[in-house]
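Asks: Quick one: the structure is below, questions incoming.
This is the structure we're talking about:
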């Protein structure tokens, strides 16, 4: 089966019902995407499928074929970190950091849809991403900062 | 690491040619070979600092990083005295050898919110001593007085002559001139601090935004097999027999075998191992815990609470005062009941083990390296120094990864025995919730009275629950006259055992008793803030009840009770002002306060809640004032406070592990809910300036939030919750 991950075409041999999460992690060694619950309850495994944030732990790899898969590893470019990653670093969001790949992917998808989300909109869009360290106040702050950075980038 | 290497790396000799490079190889991240570093000629300046000729300064960290900020504060301390950027310091895990044991615990353990306090002097001293040697070398080599030398950005400079050398360049002179480490060294005065006391972003933050941070679960070793364990339905269960015919026929499955933890499937991918595990047919012996239930625990503990316990504290004459007050009608009684709680770290437990002959290597996120080493060496019957521990980052711990049984570690070793490759065991979330270790269930029975002025006069508390320390190797250190000091932490007015602090309150008659409930059903384990997770609720809520009984404002009551405790009194005074305590709230809204001391920082919180008719409530605002001594990293402290109270709030609001017929009923985040973004209150953190030595902050904010919210709900509705979680009593945090 052929997959397109972060713009690169790759061949994978996992069974068709294998969740995309485990193909990314165990077959492609893209371990930035995390396992947290296995039932789409925690958001640690969030990746983008054709620009939409999905839970890779419940998405069979077959459903991702011929689609654009984006993971945390594909967020930074040669020019540097993405605006969301930059905002995350600037705001010092991470504590243990385990959920943050998923948080960043969720925030990136949110900002692609809504360039300037309000706090309630951020809460609603990111309610599916658990952070056990409780970095939530800084997540809210970082999403706002990312929105501002992206607006700046647009106007530049 | 080998004995030789260990001995060399432990050597206090100031300059062991190339031992640093060898040490680096022994501790290098997975995937880098020792050979790649064999050519270096680094110098161990002391146990914690190595400088390499290319001017890379390496810190050997003997505290672990699980979100606590250990790496950040430790590198800040070292960097401050060495006059370098803390982010320029390279970091290695210090070997698991006695030299690196915590001076406080006398073990290799990161726990108890003591990292900042216990490393503040050692890491600064390590930095300062290394700097002194560099200055001495430059001084002798350049024939100039040390007083004329300055350090900045990893260089020693002599301004008058214009000479300047990097630290790395000075290694040669240190060696040639045989510069000895100084016996003593002057540390910077806090007024000279450039790094300490200033907000600093997380040391290892970059890898946590680009996905490159390596957690235990991420490590891949050549040929490694993945293991999934089918565990017994009841804690203490064991395998009688199993049929693996179907499982073995599944793709990628290499082996199925029974171990003490259950039946393990080894496969070439974790998904395949998990999938095959579902095909196992297992006959279980349910063991001694068959039939236990949370409800029975509550009933048994309530009955125990009515009987005299071991006497922990007896100030004045509480019983006499209460009996006398009974006739005056100024006595109230209440029982508080707190359930079992799981830690639910987001990175599930996992461990890689490789057993070769009489050596064992593990790759494990753990707070408690020396214990893991000890348990594994006992299990395998090999010397402790033959157990090497590689230490990746941890995706949260909250106490779970300080397992005294080394459960998730030693089972990986057992699974790897007889295998020619490393084995990685990964727990599913269901295993984490059902088969973990738990904050023990506790019942606190309280009786108290108020005097004529309405102030608390007598207090009698009986605490019942399973001890964390009884019967463990920690028994001698943490049990006092048969009582576990953690079961009572935050209940006693006077210091108890090794805890050098009391509640900060002064109640004239104060009696506290303790029952160690029978050890059964579960393995009890420290949960962020440990004893305070239950004592905090019982104490602070009952204090609120007494305030109500005496007609005294709960904030005013605490200010009066702490008049002899300057630090807590100051915390409360600031809190009262910052939280607008006296500003009236609209109907349906309420305000509550709680104040606690844990290792040794006084922390108080005031919260505002809004409660709907149906019991749905929001926590709108939390104001938290902390005094954790000198604030080494204000940005880190703020994060620990926000996160710590989120953890505590989730636990009180909906945390509940329920055991029925020996089996845990919850299984994943849908039925063991944890805090999510919409439920997170706005938090205001106020760090009081202080010249006292730094004390804990990782767990201190976890405790006041629960009772403050319970007290606020009472303030808003007149309903007092005494059984937890709140969601079981009709109050749902939304």
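Chains as they are written, first to last, in the numbering used here: chain A, -13 to 142; chain B, 42 to 775.
Think of the CB as a built atom: it goes at the ideal place given N, C-alpha and C, for glycine as much as any other residue.
Please list, in chain order, the chain A residues whose beta carbon lies closer than 7 angstroms to that of residue 386 of chain B.
Replies: Against chain A, a Cβ distance below 7 angstroms from residue 386 of chain B picks out 118.
Asks: Compare the C-beta of residue 502 of chain B against all C-beta atoms of chain A and say whether one is closer than 9 angstroms.
Replies: Taking Cβ atoms only, chain A never reaches closer than 9 angstroms to residue 502 of chain B, which makes this a no.
Asks: Give the DSSP bridge partners of residue -6 of chain A, in chain order.
Replies: A/-9
Asks: Buried or exposed, going by whether 16 or more other CB atoms sit within 10 Å of the CB of residue 66 of chain A?
Replies: Residue 66 of chain A comes out exposed.
Asks: Apart from the five residues on each side of it in sequence, which residues of its chain come closer than 7 angstroms, Cβ to Cβ, to residue 694 of chain B?
Replies: 766, 767, 768 and 774
Asks: So is residue 55 of chain A in contact with chain B if we call contact Cβ pairs under 9 angstroms?
Replies: no
Asks: Determine the direct distance from the alpha carbon of residue 63 of chain A to that of residue 193 of chain B, and round the result to whole angstroms.
Replies: 34 angstroms
Asks: Residues of chain B with CB closer than 8 angstroms to the CB of residue 121 of chain A, please, in chain order.
Replies: Within chain B, the residues near residue 121 of chain A are 680, 683 and 684.
Asks: Do you know how far the Cα of residue 408 of chain B is from the Cα of residue 439 of chain B?
Replies: Residue 439 of chain B and residue 408 of chain B have their C-alpha atoms spaced approximately 10 angstroms apart.
Asks: Within the region 598 to 683 of chain B, note down every full alpha helix (DSSP H) run reaching 4 residues or more, in order along the chain.
Replies: 607 to 619
Asks: Where residue 552 of chain B and residue 149 of chain B are concerned, what is the direct C-alpha to C-alpha distance, given to the nearest angstrom?
Replies: 36 angstroms
Asks: Ordered along the chain, which non-local residues of its own chain (more than five positions away) have a Cβ less than 6 angstroms from that of residue 114 of chain B?
Replies: 157, 673 and 674
Asks: Mark residue 63 of chain B as exposed unless 16 or more other C-beta atoms lie within 10 angstroms of its C-beta, in which case mark it buried.
Replies: Because the pLDDT at residue 63 of chain B is just 26, under 50, the model does not fix this residue reliably, and the value given afterwards should be weighed accordingly. So residue 63 of chain B counts as buried.
Asks: Hey, how far is the Cα of residue 482 of chain B from the Cα of residue 363 of chain B?
Replies: When rounded, the distance between both Cα atoms is 28 angstroms.
Asks: Taking C-beta to C-beta, are residue 515 of chain B and residue 615 of chain B nearer than 9 angstroms?
Replies: No.
Asks: What residue range is occupied by the uninterrupted beta strand (DSSP E) comprising residue 284 of chain B?
Replies: Start and end: 279 to 284.
Asks: For the beta strand (DSSP E) containing residue 204 of chain B, list its first residue and its last residue.
Replies: Counted as a single uninterrupted DSSP element, the beta strand (DSSP E) harbouring residue 204 of chain B occupies residues 204 to 207.
Asks: With distance defined between alpha-carbon atoms, name the residue in A/132, A/6 and A/68 nearest to residue 31 of chain A.
Replies: A/6
Asks: Under 9 angstroms, do residue 306 of chain B and residue 270 of chain B count as touching if we go by C-beta distance?
Replies: yes
Asks: Could you work out which residues of chain B lie near residue 87 of chain A, taking near to mean beta carbons separated by less than 8 angstroms?
Replies: 252
Asks: Any idea which residues DSSP pairs residue 66 of chain A with across the strands?
Replies: Looking at the DSSP assignment, residue 66 of chain A forms a beta bridge with A/63.
Asks: Check residue 231 of chain B in the structure and name its three-state DSSP category.
Replies: helix
Asks: Starting from residue 87 of chain B, follow the beta strand (DSSP E) in both directions and report where the run begins and ends.
Replies: 84 to 87
Asks: Is there a C-beta anywhere in chain A that falls below 9 angstroms from the one on residue 68 of chain B?
Replies: Since pLDDT at residue 68 of chain B reaches only 28, below the 50 mark, its modelled position is unreliable, and no value is offered.
Asks: So which of A/130, A/97, A/136 and A/141 has the shortest CA-CA distance to residue 38 of chain A?
Replies: A/97
Asks: Quick one: is residue -3 of chain A near chain B, going by C-beta distance under 9 angstroms?
Replies: no
Asks: Can you give me the C-alpha to C-alpha distance between residue 116 of chain A and residue 108 of chain B, rounded to a whole angstrom?
Replies: 15 angstroms
Asks: Does the Cβ of residue 243 of chain B have 16 or more other Cβ atoms within 10 Å, making it buried, or fewer, making it exposed?
Replies: buried
Asks: Using DSSP bridges, identify the partner residues of residue 501 of chain B.
Replies: B/488 and B/552
Asks: Name the chain B residues that come within less than 8 angstroms of residue 140 of chain A, Cβ to Cβ?
Replies: In chain order: nothing, as chain B lies at least about 22 angstroms away.
Asks: Bridge partners of residue 727 of chain B, per DSSP?
Replies: By DSSP's assignment, residue 727 of chain B forms a beta bridge with B/666.
Asks: Using a Cβ-Cβ cut-off of 6 angstroms (strictly less than) and excluding sequence neighbours within five positions of residue 196 of chain B, which residues of its own chain qualify?
Replies: 205 and 207
Asks: Can you tell which of A/74, A/139, A/114 and A/113 has the C-alpha that lies nearest to the C-alpha of residue 101 of chain A?
Replies: A/139
Asks: Going by beta carbon distance, what residues of the same chain come within less than 6 angstroms of residue 54 of chain B, once the five residues before and after it are set aside?
Replies: Low per-residue confidence applies at residue 54 of chain B: pLDDT is 27, beneath 50, and the placement is therefore not dependable, though the value from the model is reported in the following sentence. Hits under 6 angstroms: none found.
Asks: If contact means a Cβ-Cβ distance below 7 angstroms, which residues of the region 697 to 719 of chain B contact chain A?
Replies: Here the close residues are 709, 710, 711, 715, 716, 717, 718 and 719.
Asks: Between the region 368 to 377 of chain B and the region 94 to 113 of chain B, do three or more beta carbon pairs fall short of 8 angstroms?
Replies: no
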